[in-house]
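Okay, structure first, notes after.
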Amino acid sequence: MIKLEQVTKKYGATVAVNGLSLEVNEGEVCVLIGPSGCGKTTTLRMINRLIEPTSGRILVNGKDTSQVKPEQLRRSIGYAIQSVGLFPHLTVATNIATVPELLHWDKTRIARRVEELLTLVGLSPAEYAGKYPSQLSGGEAQRIGVARALAADPPILLMDEPFGAVDPLTRERLQAQFVAIQQELKKTVILVTHDLDEAIRLADRIAIMAAGKLVQYDTPETTLSRPASKFVHDFVGSDRALKRLSRISVESFIKSAPTVTINASIKQAEAAIGSRRSAWVVDDKGQLLGWIDRTDLSQVSSISEGMVTLESKDIALWQNATLREALSRMLGQGFKSIPVVDEDTKLIGEVTLGDVEAATAEAEE
Amino acid sequence: MPDRQTRRWIILALASAAFIALIASTGVWEASLRFLFPQESQVLHPRASLLTLVVEHLGLVGISSSLTILIGVPLGIWVTCPGGRNFLPIVTDLTSFGQTFPPVAVLALAVPMLGFGLVPTVVALFLYGLLPVVRNTIAGLRAVPPHLLDAAYGMGMGRFQALFRVEIPLAARVILAGIRISVIINIGTAMIGAAIGAGGLGSPIIAGLVQDNLAYIIEGAVPAAILAVLADQLLANVEGSFAYMPEEATR
Amino acid sequence: MMVRQWVTGNSVAVTGSCLGLLSLPFGWLTLKASRLTAGTSLRLWDAFSWGVAAAIIVLWLLCLALSLAERDKRHAITIGITANAILILTFIFAGPAANRLTATGAEFARVSLSAGVWVTVAAVYMLVFAARQSLPDYRVWQNLISWTGLAAVVILLFTGWLNNISVVQEFLGRESRFQQELVKHIFLFGGSVIAGTIIGIPLGIWAARNRRAERPIFYFANITQTIPSLALFGLLIAPLSALSFAFPVLREFGIRGVGAAPALIALIIYSLLPIVRNTFVGLRQLDPAVIDAGLGMGMSRPQVFRRLEVPLAAPLVLEGVRTASVQAVGLTAVAALIGAGGLGWFVFQGLGQAAPDLIILGAIPIIVLALFVDAVMRTIVRVSTPKGLATGTS
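Here it is in structure tokens:
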């Protein structure tokens, strides 16, 4: 879908991008990453001709971009930047509607699309459509930036550190949302970031650049397990195995866990625990309440007396969490197994340290 | 090689010296004006020599500006201190309201009240010059970051110590900017003061307008223009020698 | 919150009341044998009647008492009303007093307002300001207190109630001339600001886009701004004089050495700096991400300019036009000295004749005009500020 052929950009004597050749297939997320000054942003901006290449060709859908008027090219490519650049004097709705208006869509179509997009990025249209950028938080602004980029339903999306300007917690949420949206929309995305974890999480393929050249262009798994050079090896860091865990969902590792209902008798609890050390305690709806230790069972008369109550948030994992989060909880709480719950906080099963070890071992090959 | 600041000082000193020399050399003026306006019988305004006129003008501006600084800066300080805080809104209102008054009008209104001559001119210059000085003093003091004051008090400084060691030095640049604006406006208004008998560089111009003598006009206009530009550059340099410039400096 | 704000108004109100009481020892009206002679000063009780004087004294004392007493909104309103009442009383009785004094006086007798009245006005201003401050949530009362007195005086003026006061007499004697000069004044300052805008905005845009153009443009604008107006007028007279000498055809267009031509040119030059500077800052302070996003989304350069740069820079540019306009009103007054006409003509005539009323006839309208232009421009700036910039978290 997007093909860069020997693209070079020189600023006087400095070579920002050096003979870059890259191909991104339709529906793929390609992440450009590298140390600062490696030319990744320059490359991105050459695709929509905000910067003109010194030499080389860029083909979008087989057509040479230099043959199309820049404005027209850009109206068919979504563009989201780190500082968002929302137009401060326009409402959220008008901001999002910018490209559709440039394309002369009719008003009803635009209004519908704005609503659609706000819902897509998780913001209530009724509440946000009339707001002004100065009234938004950082995370909201970034989401609206993405909505704006998607407004005219472009097949291609260019993003330059779109989640950079917010705190880590919001960034994680935005990344998760991006993954969900991308699964639904299947756009061709080129995303620039300096955050390797983000790249690993979001990319179908990672393009590592250094000093204007493409160093490795592979899937995250391959990049992590088979770095092409010492540079890449150092760049991805020595905790590659750990990083890989952030691409593995706990879903494939959930096992059933010993569980008792809070109203069960001590005898039933003993039966459920069997030879294990502890069991999870749930209420009659199946929602996770806490856990009870086997040794305590023999000393109390009811389960509610002997159990340790948990705020589910502290320990339990959501179904779509990654193994990396699982490991993080285990290390943080000192547990060897972590309960996994669904949206209603109902216990589904558990994931153990052994599972993490198994996954890591697989990765090492 | 002296740094940029010092170089500017040197250039300004040289320029000022040249200006003074030029002013004092009546012969040069006479000759050049005669060359430019051969048709005029008299080219230099007889009332006083150019040097005297410049001194008169500087005297007018000097006295009124000194009064303005002596009264305006403390007023601005008082109004931002807890003691005078009550008067801050009205003083702010008055200074911005007063800025829209054309200086000519203020000067003119001084006459029915105080007659002609030096006194009304100085009073009008003083009053009108207060506005930028007070406004900038207030703005400069308010632009001092509160955490710096906090640190000062935390270190054990008393109110006056904090004022003189922290607030005023940090506000100095903005205050000086206000003084500069005030002085430049005064130089201009003092020119019109000649119309009410205060002397200064405006008198040859007005005499020239009345008697239809272009040479007189130039005799007044050129030194006045040079004087104003020189004064502005000098004061700008003084201002620039204060390092701290707060983010919200006023115009 | 209310209490603290009332305390703020309190000291101002007390000071205002004391100032009001201080107006009493001054002369309130001055009776002159003719418009040029000095006159005798009349105290309040001589000028108006003892009854009126007593009323005014009582009202001031009431203000003082209220300012010192317990604070609540009713006190603020009462103070505001009282202050307005004093103002209105002063002017209502000034009219008949002037009528009476001129009727019984010499043939060319003139009555003018004196220090007492001006101190009263100043004191009333302080009280109104203090009262306003204490009524932050009561907009109706605020507006009533601020404008009633002023409106009443204006109405008195226009209905001829105050016709025997010297300034008004002066005006009535020269009504048509006044209108003439007023129109000239408006054309001069209006024309120069418009021309300054037409020249200045493109210069500002150029300076903002082009780093190399920036320095010379600002150099020129800054230096010309410091030159005293009279000097600049003077410097332009000589070449224009020479030009009109050499090309007599210019004289057909009214371009001579003195007059409107040098004034207009100088006024245009003076309006350049505020406009150029504000246009420059207005464009430069735009978040570059906004422009980048606009271009990246597919706006053409003219579209970016029209849809983004113009609306976002407009408030600042218009602020510059405002500064230039107010400045121009004052400079035009000075231009009367070089024969350009305008309201300054009255000022300088008055200075020449030592006729204070003529001076005031020129000076006050100039001030009023400046304030009016300022208010109009402020409204324009407010209206042109895009909603998204006015709201927000600052």
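Residue numbers (the numbering used here), protein chains in the order written: chain A, 840 to 1204; chain B, 2 to 252; chain C, 2 to 395. For glycine and all other residues, C-beta sits at the position ideal for the given N, C-alpha and C.
C-beta contact flag for residue i and residue j at 8 Å
{"i": "residue 1114 of chain A", "j": "residue 1163 of chain A", "result": "no"}
{"i": "residue 183 of chain B", "j": "residue 134 of chain B", "result": "yes"}
{"i": "residue 981 of chain A", "j": "residue 1013 of chain A", "result": "yes"}
{"i": "residue 251 of chain C", "j": "residue 244 of chain C", "result": "yes"}
{"i": "residue 260 of chain B", "j": "residue 89 of chain B", "result": "This structure cannot speak to residue 260 of chain B, because chain B is shown only from 2 to 252."}
{"i": "residue 1136 of chain A", "j": "residue 1101 of chain A", "result": "no"}
{"i": "residue 847 of chain A", "j": "residue 893 of chain A", "result": "yes"}
{"i": "residue 168 of chain C", "j": "residue 113 of chain C", "result": "yes"}
8 Å Cβ shell around residue i - same chain, five flanking residues per side excluded
{"i": "residue 970 of chain A", "result": "930 and 931"}
{"i": "residue 146 of chain C", "result": "78, 81, 82, 84, 85, 129, 132, 133 and 136"}
{"i": "residue 296 of chain C", "result": "302 and 305"}
{"i": "residue 968 of chain A", "result": "930, 931, 932, 953, 954 and 957"}
According to DSSP, residues forming a beta bridge with residue i
{"i": "residue 1044 of chain A", "result": "A:869"}
{"i": "residue 138 of chain B", "result": "Bridge partners of residue 138 of chain B: none, in fact."}
{"i": "residue 1049 of chain A", "result": "A:1052"}
{"i": "residue 897 of chain A", "result": "A:843"}
{"i": "residue 1176 of chain A", "result": "A:1191"}
{"i": "residue 1131 of chain A", "result": "A:1118"}
{"i": "residue 1161 of chain A", "result": "A:1088"}
{"i": "residue 208 of chain B", "result": "DSSP lists no partner for residue 208 of chain B."}
{"i": "residue 919 of chain A", "result": "A:998"}
{"i": "residue 270 of chain C", "result": "In the DSSP output, where bridge partners are listed per residue, residue 270 of chain C has none listed."}
{"i": "residue 1126 of chain A", "result": "A:1185"}
7 Å Cβ shell around residue i - same chain, five flanking residues per side excluded
{"i": "residue 214 of chain C", "result": "207 and 208"}
{"i": "residue 3 of chain C", "result": "The predicted position of residue 3 of chain C is uncertain, since its pLDDT is 47 and thus under 50; a value taken from the coordinates is nonetheless stated next. Cβ neighbours of residue 3 of chain C beyond the five flanking positions: none."}
Continuous beta strand (DSSP E) stretch holding residue i: start and end
{"i": "residue 960 of chain A", "result": "Premise fails: residue 960 of chain A is in no beta strand (DSSP E) and is neither H nor E."}
{"i": "residue 1028 of chain A", "result": "1027–1032"}
{"i": "residue 1099 of chain A", "result": "1098–1100"}
{"i": "residue 195 of chain B", "result": "Where residue 195 of chain B is concerned, there is no enclosing beta strand (DSSP E), given that its DSSP letter is neither H nor E."}
Neighbour flag for residue i against chain C, beta carbons, 8 Å
{"i": "residue 203 of chain B", "result": "yes"}
{"i": "residue 1001 of chain A", "result": "no"}
{"i": "residue 1031 of chain A", "result": "no"}
{"i": "residue 101 of chain B", "result": "yes"}
{"i": "residue 1092 of chain A", "result": "no"}
{"i": "residue 21 of chain B", "result": "no"}
{"i": "residue 920 of chain A", "result": "yes"}
Start and end residues, alpha helix (DSSP H) containing residue i
{"i": "residue 293 of chain C", "result": "289–297"}
{"i": "residue 217 of chain B", "result": "215–241"}
{"i": "residue 37 of chain B", "result": "27–37"}
{"i": "residue 853 of chain A", "result": "Residue 853 of chain A -> not in any alpha helix (DSSP H); beta strand (DSSP E) instead, spanning 853–863."}
{"i": "residue 933 of chain A", "result": "931–935"}
{"i": "residue 75 of chain C", "result": "74–105"}
{"i": "residue 81 of chain B", "result": "51–81"}
{"i": "residue 43 of chain C", "result": "That residue, residue 43 of chain C, is in no alpha helix (DSSP H); its beta strand (DSSP E) goes 40–43."}
{"i": "residue 1 of chain C", "result": "Here chain C covers residues 2 to 395 and nothing more, so residue 1 of chain C does not appear."}
{"i": "residue 404 of chain C", "result": "No statement about residue 404 of chain C is possible, as the shown extent of chain C runs from 2 to 395 and does not include it."}
{"i": "residue 319 of chain C", "result": "311–336"}
{"i": "residue 908 of chain A", "result": "No alpha helix (DSSP H) contains residue 908 of chain A, which DSSP labels as neither H nor E."}
Proximity test, residue i beta-carbon vs the ligand ATP heavy atom, cut-off 7 Å
{"i": "residue 323 of chain C", "result": "Absence of the ligand ATP is noted for the structure shown, with no ligands found whatsoever."}
Any C-beta of chain B under 8 Å from that of residue i
{"i": "residue 363 of chain C", "result": "yes"}
{"i": "residue 232 of chain C", "result": "yes"}
{"i": "residue 354 of chain C", "result": "no"}
{"i": "residue 263 of chain C", "result": "no"}
{"i": "residue 375 of chain C", "result": "yes"}
{"i": "residue 298 of chain C", "result": "no"}
{"i": "residue 239 of chain C", "result": "yes"}
{"i": "residue 160 of chain C", "result": "no"}
{"i": "residue 209 of chain C", "result": "no"}
Any C-beta of chain A under 8 Å from that of residue i
{"i": "residue 154 of chain C", "result": "no"}
{"i": "residue 283 of chain C", "result": "no"}
Close-in-space but distant-in-sequence residues of the same chain around residue i (CB under 6 Å, 5 per side omitted)
{"i": "residue 100 of chain C", "result": "165"}
Q: Scan the stretch 94–123 of chain B for residues whose Cβ lies nearer than 7 Å to a Cβ of chain D and list them as they occur along the chain.
A: This model lacks chain D altogether, as its protein chains are A, B and C.
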